[in-house]
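*Asks:*
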Ligand SMILES: Cc1cc2nc3c(=O)[nH]c(=O)nc-3n(C[C@H](O)[C@H](O)[C@H](O)COP(=O)(O)OP(=O)(O)OC[C@H]3O[C@@H](n4cnc5c(N)ncnc54)[C@H](O)[C@@H]3O)c2cc1C
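Residue numbers (the working numbering): 17 to 446.
So, in structure tokens, the structure goes:
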């Protein structure tokens, strides 16, 4: 809990009957033990924890034994598609192609679920996220779009358990993995969950990112945020903050990415799951110039389980979504920089941590044998993250106009993408 292993999935808080709570959500956002749970209870909480371990090969066998295809980078799948919702409202409201929201709405309207576990912004405190159970199309759409600050979906496990009906669940990889661990032991907290969906996951940021973003615009009263969006407007969208007094600041998503090295939650750098490998269907952005130029919103989705594929096929045959199959090579090329970060960078970082005697997660698999240049690159990246994470560096960044620093960051991303373009051709079985 106190190392970088905690991914804030929220399971320990949700299952603790009030003995563990999240404190300081605007700061470090860590679970704190108020009262030590008894032994049996502790064992359950520890089992649900995916920060310390999650055996990828074992859980893949358990949940995706049928799935005909697999790649170390993407995880198991039946088919991979470029996709979008055909309903313009859903597509525009969604972060990319509106696919995750469209699937939830379809399941709800066709009577296959009674509710959906989603994550929106808090109504009482619009600067923080809030997970809840949506039971209408409107509520699902209210929670659409990506939240790039910390979320802890599984802290509502007691509400999920008490819900009267079947649920679809949406969560980040660490959160989804925890649901799978609880399903493995038939834990009552997850008995209502029928379908699991999830966005891709590059990284998540501390709330300090929003505070710092506002300070760059000389706005200090962050408590007066009226509305906070990370993907506002046409795909790929803008980071946008609206204050109670009407002041509004907005920056294109790719430029707002400059906040990442300064405010990243360090656990993101220990996660090896970019494509939400344990969801029934997972979805990311279709990052390729051919789609980015068109705007409107395009997702990449992976139908991973039989049920996930059934939902996609049903929706396609009813004209609710558009699916264009792509190959796994095309899929990896589109997210080459993300896979480089997660499937090469993370294993190198884990190796470094081990050498330094720091706690490391056990994922049941290990990738190695990367070229020496990749290790050098990692040392540079880690040094940058370390320096950028200091108070002084954050302060310096706040003095630079976001549109300028954002453009520099966007240029660096393009260079990185180019440099990692060929990773799919390298030996992955080391
Ligand atoms: C923190 C984060 C990092 C991401 N990193 C990448 C990346 O590196 N590359 C990439 O291609 N895509 C990434 N994505 C996914 C991408 O931003 C879109 O979410 C994805 O393309 C699905 O779009 P959609 O239009 O189908 O989803 P929508 O229809 O907008 O639905 C999104 C669903 O996800 C839920 N959700 C949103 N944010 C969170 C959250 N933080 N925690 C739990 N649930 C949440 C919402 O409640 C909603 O149900 C990331 C998403 C998040 C949240």
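Note that the Cβ used here is the ideal one computed from N, Cα and C, for glycine as well. Predicted, not measured: the structure shown is a model, and the values here were computed from it.
To the nearest angstrom, report how far apart residue 255 and residue 269 are at their CA atoms.
*Replies:* Roughly 6 Å between the two C-alpha positions.
*Asks:* Is it right to say residue 446 is buried, meaning 16 or more other beta carbons lie within 10 angstroms of its own, or is it exposed?
*Replies:* In this predicted model, residue 446 has a pLDDT of only 37, less than 50, meaning its place in the structure is not dependable enough to derive any value.
*Asks:* Shorter than 7 Å, the distance from the beta carbon of residue 259 to the closest heavy atom of ligand 2, or not?
*Replies:* Questions concerning ligand 2 fall outside what the structure shown contains, since the ligands it does hold are ligand 1.
*Asks:* Distance check for residue 335 and residue 155, CA to CA, integer angstroms please.
*Replies:* Answer to the nearest angstrom: the Cα atoms are 23 Å apart.
*Asks:* Can you tell me whether residue 362 is helix, strand or coil according to DSSP?
*Replies:* Helix, per DSSP.
*Asks:* So, with DSSP's three-state summary, where would you put residue 209?
*Replies:* Strand, per DSSP.
*Asks:* Going straight from the alpha carbon of residue 354 to that of residue 436, what length do you get?
*Replies:* So the alpha carbons of these two residues sit roughly 9 Å apart.
*Asks:* Pull up the distance between the alpha-carbon of residue 372 and that of residue 185, whole angstroms please.
*Replies:* Roughly 38 Å separates the two Cα atoms.
*Asks:* If we count Cβ pairs, one from each stretch, closer than 8 Å, do we get three or more for the region 220–231 versus the region 250–265?
*Replies:* Because the criterion of three Cβ pairs below 8 Å is met, the region 220–231 and the region 250–265 touch.
*Asks:* Going by the CB atoms, is the gap between residue 283 and residue 429 shorter than 8 Å?
*Replies:* It is not a contact, given that the beta carbons lie outside the stated cut-off.
*Asks:* So, at 7 Å on beta carbons, what are the nonlocal neighbours of residue 292 in its own chain, with the 5 sequence-adjacent residues on each side left out?
*Replies:* Contacts found: 189, 192, 214, 215, 216, 217 and 298.
*Asks:* Taking the alpha-carbon positions, what's the residue 24 to residue 426 distance?
*Replies:* The alpha-carbon atoms of residue 24 and residue 426 are separated by roughly 28 Å.
*Asks:* Does DSSP put residue 271 in a helix, a strand or coil?
*Replies:* If DSSP states are grouped into helix, strand and coil, residue 271 belongs with the helices.
*Asks:* Using the beta-carbon count (16 or more within 10 Å), is residue 403 buried or exposed?
*Replies:* The residue in question, residue 403, is exposed, as its Cβ has fewer than 16 Cβ neighbours within 10 Å.
*Asks:* For residue 35, I'd like the list of residues in its chain whose CB is within less than 6 Å of its CB, leaving aside the five on either flank, ordered along the chain.
*Replies:* Cβ neighbours of residue 35 beyond the five flanking positions: 50, 51 and 53.
*Asks:* Count Cβ pairs between the region 129–147 and the region 91–100 that sit closer than 8 Å; are there 3 or more?
*Replies:* Too few Cβ pairs lie closer than 8 Å, so no.
*Asks:* Any heavy atom of ligand 1 inside 7 Å of the beta-carbon of residue 243?
*Replies:* Incorrect: residue 243 has no Cβ contact closer than 7 Å to ligand 1.
*Asks:* Tell me the start and end of each unbroken alpha helix (DSSP H) in the region 105–184 that is at least 4 residues and wholly inside, in chain order.
*Replies:* You should have 115–125, 153–158 and 173–178.
*Asks:* Taking three-plus beta-carbon pairs below 8 Å as touching, is the region 166–184 in contact with the region 124–133?
*Replies:* As far as the Cβ criterion goes, the region 166–184 touches the region 124–133, which means the pair count is three or higher.
*Asks:* CA-CA distance, residue 46 and residue 220?
*Replies:* Going from the Cα of residue 46 to the Cα of residue 220 covers about 14 Å.
*Asks:* Report the start-end ranges of each beta strand (DSSP E) in the region 314–353 that is 3 residues or longer and not cut off at the edges.
*Replies:* Here the runs fully enclosed are 315–319 and 337–342.
*Asks:* Could you pull out every unbroken alpha helix (DSSP H) segment of at least 4 residues lying fully inside the region 26–92, listed in chain order?
*Replies:* Counting only runs of 4 or more, we get 27–31, 55–64 and 72–80.
*Asks:* Going by DSSP in three states, residue 427 sits in which element: helix, strand or coil?
*Replies:* In this structure, residue 427 counts as helix in the three-state DSSP scheme.
*Asks:* Measuring alpha carbon to alpha carbon, tell me which residue in 20, 329 and 30 is nearest residue 460.
*Replies:* Here the chain has residues from 17 to 446 only, and residue 460 is not among them.
*Asks:* Name the residue from 327, 418, 394 and 306 whose alpha carbon lies nearest to the alpha carbon of residue 337.
*Replies:* Among 327, 418, 394 and 306, the Cα nearest to that of residue 337 belongs to 327.
*Asks:* What does residue 222 pair with, by DSSP beta-bridge criteria?
*Replies:* Answer is none; residue 222 lacks a bridge partner.
*Asks:* To which residues does DSSP link residue 243 through a beta bridge?
*Replies:* According to DSSP, which records beta bridges pairwise, residue 243 is partnered with 258.
*Asks:* Using DSSP with H/G/I as helix, E/B as strand and the rest coil, what is residue 20?
*Replies:* DSSP places residue 20 in coil when its eight states are reduced to three.
*Asks:* State the Cα-Cα distance for the pair residue 360 and residue 385, rounded to the nearest angstrom.
*Replies:* So the two alpha carbons sit approximately 9 Å from each other.
*Asks:* Could you pull the start and end residues of the beta strand (DSSP E) that residue 194 belongs to?
*Replies:* Looking at the DSSP string, residue 194 is not in any beta strand (DSSP E); the run it does join, the alpha helix (DSSP H), is 189–200.
*Asks:* Which of helix, strand or coil does DSSP assign to residue 356?
*Replies:* If DSSP states are grouped into helix, strand and coil, residue 356 belongs with the helices.
*Asks:* Tell me the DSSP bridge mates of residue 280?
*Replies:* 221, per the DSSP bridge assignment.
*Asks:* Between the C-alpha atoms of residue 87 and residue 320, what's the straight-line distance to the nearest angstrom?
*Replies:* Spanning the two alpha carbons is a distance of roughly 12 Å.
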